[in-house]
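Asker:
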Amino acid sequence: MRRKLLGIIDATSYHEDLEDLITHRSLAALPFSGRYRVIDFVLSSMVNSGIRSVAIFPKMQYRSLMDHLGSGKNWDLNRKRDGLFFFPSSIVDYHENRIGSFDLFAANMDYFSRSTQEYAIISNCYTIFNMNYKPILESHIHSECDITEVHNKDGGSMEMYLVKTSFLMDLIKNKNETGYSCMRDVVRDPQSQYKICHYLYNGYAVMIDSIESYFNTSMNLLQPEVWKKLFLKDQPILTKVKDEPPTKYIKGASVKNSMVANGCQISGTVENSIISRGVTIGKGAVVRNSIIMQKCVIEDNCHLDSVIMDKDVRVEAGAHLNGTDQAPFVVRKGTKQGALMNS
Amino acid sequence: MGKKKCVAMLLAGGKGSRLNVLTKDLAKPAVPFGGKYRIIDFTLSNCSNSGIDTVGVLTQYQPLLLNSYIGIGSTWDLDRKNGGVTVLPPYSESSEVKWYTGTASAIYQNLNYLKHYQPDYILILSGDHIYKMNYESMLEYHIEKRADVSISVIEVPWIEAGRFGIMNTNEEMRITEFEEKPANPKNNLASMGIYIFSWNILKEYLEMDARNPDSSHDFGKDVIPLLLEQKKKLFAYPFKGYWKDVGTVQSLWEANMDLLKEDCELDLFDPSWKIYSVNPNQPPQYISPAASVSESLINEGCTIEGEIDHSVLFQGVVVGKGTLIKDSVIMPDSIIGENCCIEKAIVPCDVTIPDGTVICSMDDEIILVMNEMLSCLKPAVKQPY
Numbered sequence: 001m002r003r004k005l006l007g008i009i010d011a012t013s014y015h016e017d018l019e020d021l022i023t024h025r026s027l028a029a030l031p032f033s034g035r036y037r038v039i040d041f042v043l044s045s046m047v048n049s050g051i052r053s054v055a056i057f058p059k060m061q062y063r064s065l066m067d068h069l070g071s072g073k074n075w076d077l078n079r080k081r082d083g084l085f086f087f088p089s090s091i092v093d094y095h096e097n098r099i100g101s102f103d104l105f106a107a108n109m110d111y112f113s114r115s116t117q118e119y120a121i122i123s124n125c126y127t128i129f130n131m132n133y134k135p136i137l138e139s140h141i142h143s144e145c146d147i148t149e150v151h152n153k154d155g156g157s158m159e160m161y162l163v164k165t166s167f168l169m170d171l172i173k174n175k176n177e178t179g180y181s182c183m184r185d186v187v188r189d190p191q192s193q194y195k196i197c198h199y200l201y202n203g204y205a206v207m208i209d210s211i212e213s214y215f216n217t218s219m220n221l222l223q224p225e226v227w228k229k230l231f232l233k234d235q236p237i238l239t240k241v242k243d244e245p246p247t248k249y250i251k252g253a254s255v256k257n258s259m260v261a262n263g264c265q266i267s268g269t270v271e272n273s274i275i276s277r278g279v280t281i282g283k284g285a286v287v288r289n290s291i292i293m294q295k296c297v298i299e300d301n302c303h304l305d306s307v308i309m310d311k312d313v314r315v316e317a318g319a320h321l322n323g324t325d326q327a328p329f330v331v332r333k334g335t336k337q338g339a340l341m342n343s
Numbered sequence: 001m002g003k004k005k006c007v008a009m010l011l012a013g014g015k016g017s018r019l020n021v022l023t024k025d026l027a028k029p030a031v032p033f034g035g036k037y038r039i040i041d042f043t044l045s046n047c048s049n050s051g052i053d054t055v056g057v058l059t060q061y062q063p064l065l066l067n068s069y070i071g072i073g074s075t076w077d078l079d080r081k082n083g084g085v086t087v088l089p090p091y092s093e094s095s096e097v098k099w100y101t102g103t104a105s106a107i108y109q110n111l112n113y114l115k116h117y118q119p120d121y122i123l124i125l126s127g128d129h130i131y132k133m134n135y136e137s138m139l140e141y142h143i144e145k146r147a148d149v150s151i152s153v154i155e156v157p158w159i160e161a162g163r164f165g166i167m168n169t170n171e172e173m174r175i176t177e178f179e180e181k182p183a184n185p186k187n188n189l190a191s192m193g194i195y196i197f198s199w200n201i202l203k204e205y206l207e208m209d210a211r212n213p214d215s216s217h218d219f220g221k222d223v224i225p226l227l228l229e230q231k232k233k234l235f236a237y238p239f240k241g242y243w244k245d246v247g248t249v250q251s252l253w254e255a256n257m258d259l260l261k262e263d264c265e266l267d268l269f270d271p272s273w274k275i276y277s278v279n280p281n282q283p284p285q286y287i288s289p290a291a292s293v294s295e296s297l298i299n300e301g302c303t304i305e306g307e308i309d310h311s312v313l314f315q316g317v318v319v320g321k322g323t324l325i326k327d328s329v330i331m332p333d334s335i336i337g338e339n340c341c342i343e344k345a346i347v348p349c350d351v352t353i354p355d356g357t358v359i360c361s362m363d364d365e366i367i368l369v370m371n372e373m374l375s376c377l378k379p380a381v382k383q384p385y
């Protein structure tokens, strides 16, 4: 496998509906499920499938993504040969959500030409799943297709494509003649001269492209039958290590139906919520149906319901913040929410 | 190799036989502690946080897990181009294999390692204690006092002083006398087993000790008394803060329970002095609708459906519905079935406790749960450790 498959993650995606959460970070670096970023799912799937060379194409606001991935050590990708590669885009006014843009790839042709891997998997960065790519590669080789597109169980495209690396390089080189600008163009062209195959993936997979899908996917994760599909013992989702202590439940704490990451100190009540690393929840505070990201401080006697709280927010004692399950109340990163700013 | 001002030597060969099955297959410094850590994490993190980047770890008893746990030291940021962590097992010379017979002989046999770094000072540590300490401050004290040896001491309650090695000092903290477990203690300053030696003194006295056939080659029993006898300058460095020797099942349990206090002296949450540990990389803990958790420390990867009261749970622990866990420590990947009751117990790693098991102490003694116990007893297990 090491010799066979390149991993290519397109991290340029931007979804306007997620604006409040991705103004200062790439969608790939959006925190998810208490201790992960959305890119961890595709990256871990690749690494667990034996892929040893991964190229990431990020766009603007990639500081948090770079900070998260570092040298790739947490994914065992800090290697002498192959490993993790970053190719930030030099194209500034690039807005479309085209997964696998040939313009981006063209600027980094050396990566493809220097790689020895015969095949490449091109993927989006915002799918929550845990997939083994080996069966897809086998199916691709067996069927002698030019492109294998991964489909979910509803028949929709998962925006993941498996191709021969040499075929991909030809597509990139000939993009002006063919008019194809990305992988999607090639597979959607009814007159396409290539053999396009579909691989049906029956497992759990959800794309995060709106606040609604982010909120619902997170909440669904509280069902054991859902998280048991994502968090597999022999295919762990890897992420950046933080060295947080275990979470401390203080006398008077009451926690039900929730996911809690490490490093939290909880004195209040938490129900149906996802609490990320290093969160403090004060005495008498109540957090329901909410997603609280890293290092938030919720002081005593606050009431939060249906809130998505970005990192480093402080909610002052006694504050009430309420959203609805259709329209969760989104609190931007690093803000302070006072008791008098009730929404 | 470049010269180093201070090199640490960490004695991690302890068998810890009073910890029973917990140290059957691993050395005492590798025993899990505090929901996430192993005992040695505290000393290695102290080194890293104190700016000591060269640490020799002396292993002997059951070193496999400990060696692989330490690896190249990257967990504690001790993977360095010059220095870093070096595991130092006993080795054979042309004529014989030399086991480490005492703490002093272990260091003596690795003088060559120390010579590589030409250190001015040697910090000697033990991997058996739970505490947070800035060794740099102790080194400054050692230099300021122009000491030959500095020994870190902690005030213990007078009533317990007879259990420790007690340092009698003058008003300048110079050590005048060392008494091992005195019946009538004259002081309550107990040695913490942490020494800073100036290099020349260490080399000279270790060589002297090695030549003495009557010596048991132990710092406390042989080397320190000899230094005092020869009127060397030994100073006591007073340490204030949490410090605990976790050598018994009881003290290991107590130290875990100490972490549950709201104003715990040993602050694991202090970002300026983190305790590093090999990360298990597991998903967040899941607390089910039926669960309840109070006054506890719980690590990632746990699935909790029962009631957890005043307990410490390591990564990957599963607790079934209707189960009560009280005043207990559950080590990694143990699975506790449904409708169990576990009170005042330590459950070691990878133990599966069947549904309906009751484990509770009849007296105040802590129960160390063993597999043999579970296989031979019916659902009601009531047997002291």
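Chains as they are written, first to last, in the working numbering: chain S, 1 to 343; chain V, 1 to 385. Where a beta carbon is used, it is the ideal one built from N, C-alpha and C, also for glycine. Because the structure is a prediction, the values reported are computed rather than measured.
Between the region 268–275 of chain S and the region 283–296 of chain S, do three or more beta carbon pairs fall short of 8 Å?
Answerer: The region 268–275 of chain S, when compared against the region 283–296 of chain S, does touch it at the 8 Å Cβ threshold.
Asker: Count the other CB atoms, across all protein chains shown, that sit within 10 Å of the CB of V/Ala380; report buried if there are 16 or more and exposed otherwise.
Answerer: Caution is warranted here: a pLDDT of 49 is assigned to V/Ala380, below 50, making its placement in the model unreliable, and the coordinate value is therefore given only provisionally. So V/Ala380 counts as exposed.
Asker: If you compare alpha carbons, which of V/Leu19, V/Ser137, V/Ile143 and V/His310 is closest to V/Leu386?
Answerer: One cannot answer for residue 386 of chain V here, as it falls past the ends of chain V, which runs 1 to 385.
Asker: If we call anything under 8 Å between Cβ atoms a contact, is V/Gly316 one with V/Glu305?
Answerer: No.
Asker: Please classify V/Glu229: is it buried, with 16 or more other beta-carbons within 10 angstroms of its beta-carbon, or exposed?
Answerer: With fewer than 16 Cβ atoms within 10 Å of its Cβ, V/Glu229 is classed as exposed.
Asker: Which ranges would you report for the beta strand (DSSP E) in the region 53–79 of chain S if only whole runs of at least 3 residues count?
Answerer: Runs of the beta strand (DSSP E) inside the region 53–79 of chain S: 53–58.
Asker: Spell out a yes or no on whether the region 54–61 of chain V and the region 275–292 of chain V are touching, meaning 3 or more CB-CB pairs, one atom from each, closer than 8 Å.
Answerer: No, the region 54–61 of chain V does not touch the region 275–292 of chain V.
Asker: Our contact map puts S/Thr247 next to S/Gly268 with C-beta atoms below 8 Å; I'd like the distance itself, whole angstroms only.
Answerer: In fact, because the Cβ distance is near 13 Å, the residues do not count as touching under 8 Å.
Asker: DSSP has V/Gly165 in a bridge; who is on the other side?
Answerer: Per DSSP, V/Glu180.
Asker: Please report whether the beta-carbon of S/Leu238 lies at a distance below 8 Å from any beta-carbon of chain V.
Answerer: Interface residue, yes.
Asker: Could you pull out every residue in the same chain whose Cβ sits closer than 7 Å to the Cβ of S/Asp76, ignoring the five residues on either side in sequence?
Answerer: Once the five neighbours on either side are set aside, the close Cβ partners of S/Asp76 are Val47.
Asker: With a floor of 4 residues, list each alpha helix (DSSP H) that falls wholly inside the region 4–63 of chain S, ordered by position along the chain.
Answerer: Segments of the alpha helix (DSSP H) lying fully in the region 4–63 of chain S: 19–22 and 39–48.
Asker: Please report whether the beta-carbon of S/Gln265 lies at a distance below 8 Å from any beta-carbon of chain V.
Answerer: For S/Gln265, the answer is yes, since a Cβ of chain V falls inside 8 Å of its Cβ.
Asker: List the endpoints of the continuous alpha helix (DSSP H) containing S/Val187.
Answerer: Run containing S/Val187: Met183 to Arg188, per the alpha helix (DSSP H) assignment.
Asker: Check the Cβ of S/Met293 against every Cβ in chain V and list those closer than 7 Å, keeping chain order.
Answerer: Simply none; closest approach about 13 Å.
Asker: Return no unless some Cβ of chain S is closer than 8 Å to the Cβ of V/Tyr276.
Answerer: True, the Cβ-Cβ gap to chain S drops below 8 Å.
Asker: Give the straight-line distance between the Cα atoms of V/Ala255 and V/Leu368, rounded to the nearest whole angstrom.
Answerer: Roughly 15 Å between the two C-alpha positions.
Asker: Within its chain, find whatever has a CB closer than 8 Å to the CB of S/Leu27; leave out the 5 residues flanking it on each side and keep chain order.
Answerer: The answer, listed in chain order, is Ala11, Ser13, Tyr14, His15, Leu18, Val38, Cys125, Tyr126 and Ile208.
Asker: Can you list, in chain order, the residues of the region 281–295 of chain V whose Cβ is nearer than 9 Å to any Cβ on chain S?
Answerer: So the list reads Asn281, Gln282, Pro283, Pro284, Gln285, Tyr286, Ile287, Ser288, Pro289, Ala290, Ala291, Ser292, Val293, Ser294 and Glu295, given in the order they occur along the chain.
Asker: Tell me whether the beta-carbon of V/Trp76 lies closer than 8 Å to the beta-carbon of V/Leu26.
Answerer: Their beta carbons are not under 8 Å apart, which means V/Trp76 does not touch V/Leu26 by this criterion.
Asker: Whose C-beta lies closer than 7 Å to the C-beta of V/Asp41 among residues of the same chain, with five residues either side of it excluded?
Answerer: Answer for V/Asp41: Ile275, Tyr276 and Ser277, listed in chain order.
Asker: Chain V beta carbons: is any one of them nearer than 8 Å to that of S/Phe407?
Answerer: Past the edges of chain S, shown from 1 to 343, lies residue 407 of chain S, and the structure says nothing about it.
Asker: For the alpha helix (DSSP H) that V/Ser48 lies in, which residues bound it at each end?
Answerer: Its alpha helix (DSSP H) spans residues Ile40 to Asn49.
Asker: Is the number of C-beta pairs between the region 50–57 of chain S and the region 79–90 of chain S that are closer than 8 Å three or more?
Answerer: Contact between the region 50–57 of chain S and the region 79–90 of chain S is present, because at least three Cβ pairs lie under 8 Å.
Asker: So with Cβ pairs under 8 Å, would you call V/Gly35 a contact of chain S?
Answerer: Interface residue, yes.
Asker: May I have the straight-line CA-CA distance separating S/Phe329 from S/His320, to the nearest angstrom?
Answerer: About 11 Å.
Asker: Of all the options V/Ser191, V/Met9, V/Pro185 and V/Pro89, which has the alpha carbon lying nearest to the alpha carbon of V/Ile122?
Answerer: Checked all of V/Ser191, V/Met9, V/Pro185 and V/Pro89; the closest Cα to V/Ile122 is V/Met9.
Asker: What are the start and end residues of each continuous beta strand (DSSP E) run of 3 or more residues lying completely inside the region 264–307 of chain V, in chain order?
Answerer: Correct list: 285–287, 292–294 and 296–298.
Asker: Output, in chain order, the set of chain S residues within a Cβ distance shorter than 7 Å of V/Leu324.
Answerer: Per Cβ cutoff of 7 Å: no residues; V/Leu324 is ~15 Å from chain S at best.
Asker: State the start and end residues of the unbroken alpha helix (DSSP H) segment that holds S/Tyr111.
Answerer: Looking at the DSSP string, the run of the alpha helix (DSSP H) that includes S/Tyr111 is Met109 to Arg114.
Asker: To the nearest angstrom, report how far apart V/Glu295 and V/Asp355 are at their CA atoms.
Answerer: C-alpha separation (whole angstroms): 24 Å.
Asker: Return the CA-CA distance between V/Thr169 and V/Cys302, expressed in angstroms with no decimal places.
Answerer: About 49 Å.
Asker: Against chain V, which members of the region 240–265 of chain S pass a CB distance test of less than 9 Å?
Answerer: Those residues of the region 240–265 of chain S that come within reach of chain V (Cβ to Cβ, closer than 9 Å) are Val241, Lys242, Asp243, Glu244, Pro245, Pro246, Thr247, Lys248, Tyr249, Ile250, Lys251, Gly252, Ala253, Ser254, Val255, Lys256, Asn257, Ser258, Met259, Val260, Ala261, Asn262, Gly263 and Gln265.
Asker: Run through chain V and tell me which residues come within less than 8 Å of S/Phe329, C-beta to C-beta.
Answerer: Per Cβ cutoff of 8 Å: no residues; S/Phe329 is ~22 Å from chain V at best.
Asker: Quick check: the region 150–165 of chain V against the region 181–196 of chain V, are there 3 or more CB pairs under 8 Å?
Answerer: Touching, per the Cβ criterion.
Asker: Give a yes or no on contact between the region 323–340 of chain V and the region 300–317 of chain S, applying the rule of three or more CB pairs nearer than 8 Å.
Answerer: The region 323–340 of chain V vs the region 300–317 of chain S: no contact.
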